[in-house]
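Every position in the sequence shown, counted from 1, becomes a number in our numbering once 194 is added.
No residue lacks a Cβ here, since even glycine has one placed at the ideal position from N, Cα and C.
Everything below concerns the one structure shown next.
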Amino acid sequence: MGMKGPGDVPRLVTIGGRSGPSLIVQGFQGSGWVVTAIVTTTDSGSSSGVIRDRFGIPAPGDIRSVLAAAAEPPANLKPLADLLEHRFRSAQDPTLRNMALGNLILAAFTEALGDFERAVEAVARLLDCWAVVLPVPSSPATLCARLADGSILRGELNVRATGKPPIAEVFLEPAVVRVADRCVRAIHEADLIAFGPGGLYCSVLPGLLPGPIRQAVRESRARTVYICNITTQPGQTDGFDSVAHVREMARYIGEGRLDYVLLNMQVPTDDMIAAYRQDDVHFMPVTPEEIRRVKALGPTPIVGNFVEQDWQGKRALHKLDTIRHHPHKVATALQTLMGDSRARSPAA
195 MGMKGPGDVP RLVTIGGRSG PSLIVQGFQG SGWVVTAIVT TTDSGSSSGV IRDRFGIPAP
255 GDIRSVLAAA AEPPANLKPL ADLLEHRFRS AQDPTLRNMA LGNLILAAFT EALGDFERAV
315 EAVARLLDCW AVVLPVPSSP ATLCARLADG SILRGELNVR ATGKPPIAEV FLEPAVVRVA
375 DRCVRAIHEA DLIAFGPGGL YCSVLPGLLP GPIRQAVRES RARTVYICNI TTQPGQTDGF
435 DSVAHVREMA RYIGEGRLDY VLLNMQVPTD DMIAAYRQDD VHFMPVTPEE IRRVKALGPT
495 PIVGNFVEQD WQGKRALHKL DTIRHHPHKV ATALQTLMGD SRARSPAA
């Protein structure tokens, strides 16, 4: 499916944790596209884990960050949008230490409205988010992994822990979870569905685990693209190359359903590579042989220079930082793929 006729608005769905949907939201802001971010809610660490345990709701952390990225509030509400990502550094109560205010706001709206999906919608309206932001699943679920030795790990924090056998597969408990009708409808109406980047087993693939999402992706006439990570992630993809990432995506999305893979050909600076290597995060160079092998798996490679610009050093995050994509360069590549003549310059 290519671009629609004149006057038709292209529709893009992005599925993943914080990293992928935030990247797409930033890159496509002002593009005129209708963007729906379907954000996974299976985190179990940091303040999201506290909220899950104390309130019995889906993990709000990743969706909070995407809401903040999509916010276009009026001037009088901009301080609230900025505070969404604020963390309580000096709290005496260890439960509140490093708690993100946005997580508490989402928990409060959920309690007041009686529904997590409605809470996300209410916060999105409050912040005048330009993109549609939806949780998946919208009921509490635990991410689990079966390892290469047959053992089972439960909880996203444990699934991404280091020093364990490789991950053989991931799944949800319970297997049947609540999925918003709006998620399924957005996928069916999309022109393009983008997966990633982000943690393969803990952010990207969990978005495909709920049955209604996986079925909708397979039924949709939209083109699909996987934005492959630039680095490995310890505990998830140790020793992986781009081909291994694509093979796993293809396994979960369904045979013949992955149309394109965006691959970064740009080599980061030596300082950048060395800084992340200290955390066992390794740059994945993409070779001509890997491009050939990716193509042999079915999808068409889209190659380009996508490394973030103006890198100022590793970011102090509550999850491991990695080398990121440049949002506008990715947006330009995807717009070009879909034949959008309004694609901005990659230097934007």
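For this session: Give the secondary structure of R415 by DSSP, where H, G and I count as helix, E and B as strand, and everything else as coil.
Result: Position 221 of the sequence shown, counting from 1, holds the residue named residue 415. In this structure, R415 counts as coil in the three-state DSSP scheme.
For this session: Identify every residue that forms a DSSP beta bridge with A339.
Result: For the purposes of this step, residue 339 is taken as residue 145 along the sequence shown, with counting starting at 1. Bridge partners of A339: L347, V364.
Problem set entry | D375 versus I381 - alpha carbon distance | The count along the sequence shown starts at 1 and reaches residue 375 at position 181. The count along the sequence shown starts at 1 and reaches residue 381 at position 187. Each residue's Cα considered, the two are about 10 angstroms apart.
Exercise. Would you call the region 501–510 and the region 342–362 in contact, with 3 or more CB pairs under 8 angstroms?
Worked result: no
Exercise. What number of angstroms, rounded off, separates the C-alpha of D435 from the C-alpha of G429?
Worked result: Against the sequence shown, residue 435 aligns to sequence position 241. Against the sequence shown, residue 429 aligns to sequence position 235. So the two alpha carbons sit approximately 15 angstroms from each other.
Exercise. Going straight from the alpha carbon of P462 to that of V419, what length do you get?
Worked result: Stepping through the sequence shown from its first residue, residue 462 is reached at position 268. Stepping through the sequence shown from its first residue, residue 419 is reached at position 225. About 23 angstroms.
For this session: Determine the DSSP secondary structure at R281, reduced to helix, strand or coil.
Result: As a first step, residue 281 must be located in the sequence shown, where it is residue number 87. If DSSP states are grouped into helix, strand and coil, R281 belongs with the strands.
Problem set entry | Same chain, Cβ closer than 6 angstroms to D276, neighbours up to 5 away in sequence not counted | Your numbering for residue 276 matches position 82 in the sequence shown. Correct list: empty, nothing qualifies.
Exercise. Do A384 and S414 have their C-beta atoms within less than 8 angstroms of each other?
Worked result: By one-based count along the sequence shown, residue 384 stands at place 190. By one-based count along the sequence shown, residue 414 stands at place 220. Yes, they are a contact pair.
Exercise. Looking at C-alpha atoms only, which residue of S332, A325, P331, E363 is the closest neighbour of S345?
Worked result: Your numbering for residue 345 matches position 151 in the sequence shown. When each option's Cα is compared against that of S345, the closest is E363.
For this session: Name the residue from S259, L300, R372 whose alpha carbon lies nearest to the alpha carbon of F249.
Result: Your numbering for residue 249 matches position 55 in the sequence shown. Measuring from the Cα of F249, the nearest candidate turns out to be L300.
Exercise. Looking only at its own chain, which residues have a Cβ that is under 7 angstroms from the Cβ of S242, when we skip the five neighbours before and after it?
Worked result: Counted from its first residue, the sequence shown places residue 242 at position 48. Excluding positions up to five away in sequence, the list reads A253, P254, G255, N297.
Exercise. Name the DSSP beta bridge partners of L457, please?
Worked result: Here residue 457 corresponds to residue number 263 of the sequence shown, with the count starting at 1. Bridge partners of L457: V497.
Problem set entry | Paired residues, beta bridge with I232 - DSSP | The residue given as residue 232 occupies position 38 in the sequence shown. Answer by DSSP bridge pairing, in chain order: I209, L328.
Exercise. Do you know offhand how far W324's Cα is from A342's?
Worked result: Taking the sequence shown and counting its residues from 1, one reaches residue 324 at position 130. Taking the sequence shown and counting its residues from 1, one reaches residue 342 at position 148. Each residue's Cα considered, the two are about 42 angstroms apart.
Exercise. From what residue to what residue does the alpha helix (DSSP H) around F249 run?
Worked result: On the sequence shown, residue 249 is found 55 positions in, with the first residue counted as 1. First-last of the alpha helix (DSSP H) with F249: 240–249.
Exercise. So, helix, strand or coil for P540, using DSSP?
Worked result: Residue 540 sits at position 346 when you count from the first residue of the sequence shown. In this predicted model, P540 has a pLDDT of only 45, less than 50, meaning its place in the structure is not dependable; the value taken from the coordinates is given anyway. In this structure, P540 counts as coil in the three-state DSSP scheme.
For this session: May I ask you to report which of helix, strand or coil DSSP gives H519?
Result: The count along the sequence shown starts at 1 and reaches residue 519 at position 325. Strand, per DSSP.
Exercise. Going by the beta-carbon positions, is the gap between A525 and S225 smaller than 8 angstroms?
Worked result: Here residue 525 corresponds to residue number 331 of the sequence shown, with the count starting at 1. Here residue 225 corresponds to residue number 31 of the sequence shown, with the count starting at 1. Yes.
Exercise. Which residue spans inside the region 423–455 form an unbroken beta strand (DSSP E) run of at least 3?
Worked result: none
Exercise. Which of the three DSSP states, helix, strand or coil, is assigned to G196?
Worked result: In the sequence shown, residue 196 corresponds to position 2, counting from 1. Residue confidence for G196 is low, a pLDDT of 48 falling below 50, so the modelled location carries little weight and cannot support an answer.
Problem set entry | For L386, three-class secondary structure by DSSP | For the purposes of this step, residue 386 is taken as residue 192 along the sequence shown, with counting starting at 1. Residue state, collapsed to three classes: strand.
Exercise. CB-CB under 6 angstroms to L399, same chain, minus the five flanking residues each way: which ones, in chain order?
Worked result: Locating residue 399 in the sequence shown gives position 205, counting from the first residue. Excluding residues within five positions, the ones whose Cβ falls inside 6 angstroms are V364, Y446.
Exercise. To the nearest whole angstrom, what separates the beta carbons of I232 and I209, a pair I think is in contact under 8 angstroms?
Worked result: Here residue 232 refers to the residue found at position 38 of the sequence shown. Here residue 209 refers to the residue found at position 15 of the sequence shown. Correct: roughly 5 angstroms between the Cβ atoms.
For this session: For E547, count neighbouring Cβ atoms within 10 angstroms of its own Cβ and tell me buried if that reaches 16, exposed if not.
Result: Since the first and last residues shown for the chain are 195 and 542, residue 547 lies out of range.
Exercise. Between which two residues does the alpha helix (DSSP H) harbouring G296 extend?
Worked result: Taking the first residue of the sequence shown as 1, we reach residue 296 at position 102. Start and end: 295–307.
Exercise. Are G211 and S397 touching if we call contact CB-CB under 8 angstroms?
Worked result: Reading the sequence shown from its first residue, position 17 is the one you call residue 211. Reading the sequence shown from its first residue, position 203 is the one you call residue 397. Yes, they are a contact pair.
Exercise. Got a sec, what are the start and stop residues for the alpha helix (DSSP H) D464 sits in?
Worked result: Start at 1 with the first residue of the sequence shown, and residue 464 comes out as number 270. 464–471 is the span of the alpha helix (DSSP H), which, as asked, contains D464.
Problem set entry | Residue burial classification, T425 (beta-carbon count within 10 angstroms, cutoff 16) | What you label residue 425 is simply residue 231 of the sequence shown in a count that begins at 1. Flag for T425 reads buried.
Problem set entry | Close Cβ partners of K508 (< 8 angstroms) along its chain, the five nearest in sequence each way excluded | Residue mapping note: residue 508 aligns to position 314 of the sequence shown, counting from 1. Hits under 8 angstroms: A469, Y470, D473, D515.
Exercise. Taking the Cβ atom as the reference point for each residue, do I251 and P368 lie within a distance shorter than 8 angstroms?
Worked result: Position 57 of the sequence shown, counted from the first residue, corresponds to residue 251. Position 174 of the sequence shown, counted from the first residue, corresponds to residue 368. Not in contact: I251 and P368 (Cβ atoms no closer than 8 angstroms).
For this session: Alpha carbon to alpha carbon, how far is I467 from L491? Give it in angstroms, no decimals.
Result: Taking the first residue of the sequence shown as 1, we reach residue 491 at position 297. Taking the first residue of the sequence shown as 1, we reach residue 467 at position 273. So the alpha carbons of these two residues sit roughly 28 angstroms apart.
Exercise. How big is the Cα-Cα spacing for G196 and P204?
Worked result: Sequence index remark: in the sequence shown, residue 196 carries index 2 (1-based). Sequence index remark: in the sequence shown, residue 204 carries index 10 (1-based). Only weak support exists for where G196 lies, its pLDDT of 48 falling under 50; the value from the coordinates is given anyway. Those two C-alpha atoms are separated by around 9 angstroms.
Exercise. Under 8 angstroms between the Cβ atoms of I517 and V455?
Worked result: One-based indexing of the sequence shown puts residue 517 at position 323. One-based indexing of the sequence shown puts residue 455 at position 261. No, these two residues do not count as a Cβ contact at 8 angstroms.
For this session: Within the same chain, show all residues whose beta-carbon is closer than 8 angstroms to that of R417, passing over the 5 residues directly before and after it, in chain order.
Result: Sequence index remark: in the sequence shown, residue 417 carries index 223 (1-based). Contacts found: M195, D385, L386, I387, D453, Y454, L531, M532.
For this session: If I'm right that L307 touches A313 with Cβ under 8 angstroms, what's the distance once you round it to whole angstroms?
Result: Reading the sequence shown from its first residue, position 113 is the one you call residue 307. Reading the sequence shown from its first residue, position 119 is the one you call residue 313. At roughly 6 angstroms, the Cβ-Cβ gap stays under 8 angstroms, so L307 and A313 are in contact.
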